[in-house]
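In our numbering, the protein residues as written are 700 to 814.
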């Protein structure tokens with residue numbers, strides 16, 4: 700099982716950017732998928748982006764063109780670059796890993812976008 704720790708959240712004005720990081724406790728090279736989801740108050744958790752072991756990315760329509768996911772296998776870290784942030788992007792952002800052994804989640808990092 701891999702432990703995931705997110706960081707990089709915070710308070711930002713609309714139109715701003717944040718770079719979220721997800722540090723894994725072990726080598727992520729063989730993990731099939733790494734990704735990000737978010738959950739706003741009184742809402743279900745929403746898929747945002749994923750990246751495969753081979754670097755193939757997938758994005759939710761709501762963030763396509765604004766968010767970019769990347770992975771640094773050498774440093775066991777996955778990133779989510781968030782640009783052109785909107786107040787509706789306010790949520791807790793969670794990192795996850797997915798593979799044959801199941802899905803692991805981090806504890807989340809809060810992103811708040813002010814108007």
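The C-beta atom is built at its ideal place from N, Cα and C for all residues, glycine as well. None of these values were measured; they are calculated from a predicted model.
Determine, using beta carbons only, whether residue 720 and residue 778 come nearer to each other than 9 Å.
As a working note, residue 720 is residue 21 in the chain shown. As a working note, residue 778 is residue 79 in the chain shown. Cβ distance < 9 Å, so residue 720 and residue 778 count as in contact.
In this structure, how does DSSP classify residue 760 when only helix, strand and coil are distinguished?
Taking the first residue of the chain shown as 1, we reach residue 760 at position 61. If DSSP states are grouped into helix, strand and coil, residue 760 belongs with coil.
Ends of the beta strand (DSSP E) at residue 803?
The residue you call residue 803 lines up with position 104 of the chain shown. Where residue 803 is concerned, the enclosing beta strand (DSSP E) stretches over 801-804.
Could you give the C-beta distance for residue 795 and residue 705, rounded to a whole number, given that I count them as a contact under 8 Å?
As a working note, residue 795 is residue 96 in the chain shown. As a working note, residue 705 is residue 6 in the chain shown. About 10 Å; that fails the 8 Å criterion.
Spell out the partners DSSP gives residue 798 in its beta bridges.
For the purposes of this step, residue 798 is taken as the residue at position 99 of the chain shown. Bridge partners of residue 798: 801.
Which residues in the same chain have their Cβ closer than 7 Å to the Cβ of residue 783, if we skip the five residues on either side of it in sequence?
Numbered from its first residue, the chain shown carries residue 783 at position 84. Within the same chain, Cβ atoms closer than 7 Å to the Cβ of residue 783 are found at 714 and 765, the five residues on either side in sequence being excluded.
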